[in-house]
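K.L.:
Pasting in a structure now, in structure tokens, and then I'll have a few things to ask.
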Amino acid sequence: MVTRIINGQRTSTTGFERLYPFGPHYARINGHQMHYVDQGKGRPVLMVHGNPTWSFYFRHLIRGLSGRFRTIAPDHIGCGFSDKPSAKTYDYTLDQRVSDLDALIRRLDINEKISLIVHDWGGMIGLSWALDNLERVDKIVITNTSGFFLPASKRLPAALWIIKYLFPFAVPAVLGANIFARGALYLAAETRLSQSVKKGLVAPYNSWQNRIATLKFVQDIPITAKDRSYARVQKVDQGLCALDPDRLMFLWGTRDFVFDIHFLEEFKNRFPRTSAHVFEDAGHYLFEDKPGPCLKLIQKFLS
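The sequence shown begins at 1 in full-length UniProt numbering and counts up by one.
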């Protein structure tokens, strides 16, 4: 059994430590402790997760790539084994996330070009950082995410709309009942997740206080110009053309309940010659549904 302390509460990893055998690393980032995995040696590969996952989601890739690459997988502040500050002491916005990621990269003193693997909110965070640091980017693997506003053919899913706008419902439902992280266990994967995997995915979100990020990520989705992260998303949306299409690869689960085929089609409209590998029987948690095939494709792409 492994026990870690999250915001003063003991969190036992019994049941999934076998799946996540990585030693902890911590860095003081913008006033808070950020946890990250740092395994292997070689060219750096940075994995940027979304909501409501954490570095645990990349465990198959960390194991499979760390023999040849330096694999780095941070937990965003409020997620995984990182600090979970209140909204009074931490700004849960996209700008802050990008600043945190940049601060960690600088702290790790990485001099080589970095390859990125991004998923969900990690796509917008990672792509935003990449566009600000084009000279430092090698390759990017883009999986079930976005780098632009909602495509014209797509509407914000009702569940996300409710969490974003119906505050009296969202607070007790997400912070109290943990419906976002628990619901994803059944909606985000097409395969039946084992109990150990389910425990691993939700373990850090074990209390009202520790679920703050799962709520704030949804509330930060920019829909109108009044939303705080609108300008940052607009910058990424307009700047994507600066990325080299031959240094990108798309991996996509088509049964995603949010980042569905509409998002992949928008990416392909912008990067028509970039390789895209589509899994018709996979969902949002692509690396849970197709860990082996995805690992092989990524190994070949990075090599």
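Where a beta carbon is used, it is the ideal one built from N, C-alpha and C, also for glycine.
Starting from the C-beta of residue 129, find all residues in its chain whose C-beta is less than 7 angstroms away, skip the five residues before and the five after it, and write them out in chain order.
P.N.:
98, 101, 102
K.L.:
Quick one, are the C-beta atoms of residue 115 and residue 45 less than 7 angstroms apart?
P.N.:
yes
K.L.:
Who are the near neighbours of residue 308 in its chain, counting only those whose CB is closer than 6 angstroms to its CB and skipping five residues on each side?
P.N.:
As displayed, the chain neither begins before 1 nor continues past 303, which places residue 308 out of reach and without an answer.
K.L.:
In whole angstroms, what is the alpha-carbon distance linking residue 255 and residue 92?
P.N.:
Looking at the two C-alpha atoms, the distance is approximately 28 angstroms.
K.L.:
With a floor of 3 residues, list each beta strand (DSSP E) that falls wholly inside the stretch 11–66, ordered by position along the chain.
P.N.:
25–29, 32–39, 43–48
K.L.:
Taking the beta strand (DSSP E) that residue 301 belongs to, which residues open and close that run?
P.N.:
From DSSP, residue 301 is part of no beta strand (DSSP E) but of the alpha helix (DSSP H) over 291–302.
K.L.:
Based on the DSSP secondary-structure assignment, which residues constitute the bridge partners of residue 252?
P.N.:
278
K.L.:
Determine the contact status of residue 289 and residue 135, defining contact as a CB-CB distance below 7 angstroms.
P.N.:
For residue 289 and residue 135, no; Cβs fall outside 7 angstroms.
K.L.:
Give the single residue among 37, 43, 64, 106 whose Cα lies nearest to the Cα of residue 82.
P.N.:
37
K.L.:
Look up residue 140 in the DSSP assignment and give the residues it is bridged to.
P.N.:
116, 248
K.L.:
Just reading off the beta strand (DSSP E) that residue 172 is part of, what are its end residues?
P.N.:
Unbroken run through residue 172: none, as it is neither H nor E.
K.L.:
Quick one: Cα of residue 59 to Cα of residue 196, how far?
P.N.:
13 angstroms
K.L.:
Given this structure, state the Cα-to-Cα distance separating residue 268 from residue 104, to the nearest angstrom.
P.N.:
31 angstroms
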